[in-house]
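In this note's numbering, each residue's number is its place in the sequence shown (first place is 1) plus 68. Where a beta carbon is used, it is the ideal one built from N, C-alpha and C, also for glycine.
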Amino acid sequence: MRAGFAPSDIVFSGVGKSPDEIERAVQLGLKAINAESAGELERIDRAARARSVRAKVAVRVNPDIDAGTHPHISTGLHINKFGVPLEHAGALYRRMSEQPGLQPAGIHVHLGSQIISTEPIQRAALEVVKLARELRDSGIQLEHIDVGGGLGISYDGSRVPTAAEYAAAVLAIV
């Protein structure tokens with residue numbers, strides 16, 4: 069916010085959010101809080117109910133997609149500890165939509181870092197768009213889909229996708 073962004077333009081993402089960080093995010097009325105787990109959703113719900121508000125949330129889903137990165141920076145496979153397994157996400161969103169302190173706002177996915185191909189990003193986008201459509205068909209309307217970042221950087225002069233190529237790859241799916 070010190071950089072001039074309104075709270076309604078900010079998505080709060082990251083693992084291990086402290087209770088104080090969740091409280092502050094709810095207080096500010098951010099665009100969305102990206103939740104990493106059902107437990108984190110419960111903490112956000114409690115904080116929002118304490119303020120008699122509905123916090124906008126997105127769930128980080130784990131689509132079990134190999135981004136082709138080093139195992140230490142890969143986060144989109146089932147063996148990784150990040151996000152909710154894609155096959156459990158629909159039920160979690162339906163439960164979330166019934167919680168008084170939560171407003172489903174989006175879906176978030178992040179496959180890892182140093183991604184050097186748009187193909188895994190497209191596969192992830194396809195999976196989350198499919199989930200968003202299933203949710204819409206069940207009455208849960210989302211405001212955004214966040215396919216994450218993680219674009220690779222060329223340290224040795226090799227070719228990596230540009231931001232424009234990344235955007236085009238995602239837009240081809242959505």
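Continuous alpha helix (DSSP H) assignments of at least 4 residues falling wholly in the region 166–218: 187–205
Same chain, Cβ closer than 8 Å to F80, neighbours up to 5 away in sequence not counted: E89, A93, L98, A100, I101, N102
In whole angstroms, give me the CA-to-CA distance for S165 and D224. 47 Å
Among all the DSSP beta bridges, which residues are the ones paired with I101? Per DSSP, the beta bridge partners of I101 are F80, V125.
DSSP beta-bridge partners for P153? N130
I want to know whether the region 161–175 touches the region 116–132 - three or more CB-CB distances under 8 Å. yes
Rounded to the nearest angstrom, how far is the Cβ of G158 from that of R128, given a contact under 8 Å? The Cβ separation is near 15 Å, so there is no contact.
Buried or exposed: which applies to V48, given that a residue is buried once 16 or more other Cβ atoms fall within 10 Å of its Cβ? Residue 48 cannot be examined here, being either before or after the span of the chain that is shown, 69 to 242.
When the Cα atoms are used, what is the spatial distance from G207 to I175? 15 Å
Given 8 Å, three or more beta-carbon pairs between the region 177–194 and the region 211–219: They touch, by the three-pair rule.
Please work out which residues of its chain come closer than 7 Å, Cβ to Cβ, to E202, disregarding the five sequence neighbours upstream and downstream, and give them in chain order. G158
Distance, Cα to Cα, L199 vs P131? L199 and P131 have their C-alpha atoms roughly 11 Å apart.
When you compare only the Cα positions, how much space is there between R111 and E233? 37 Å
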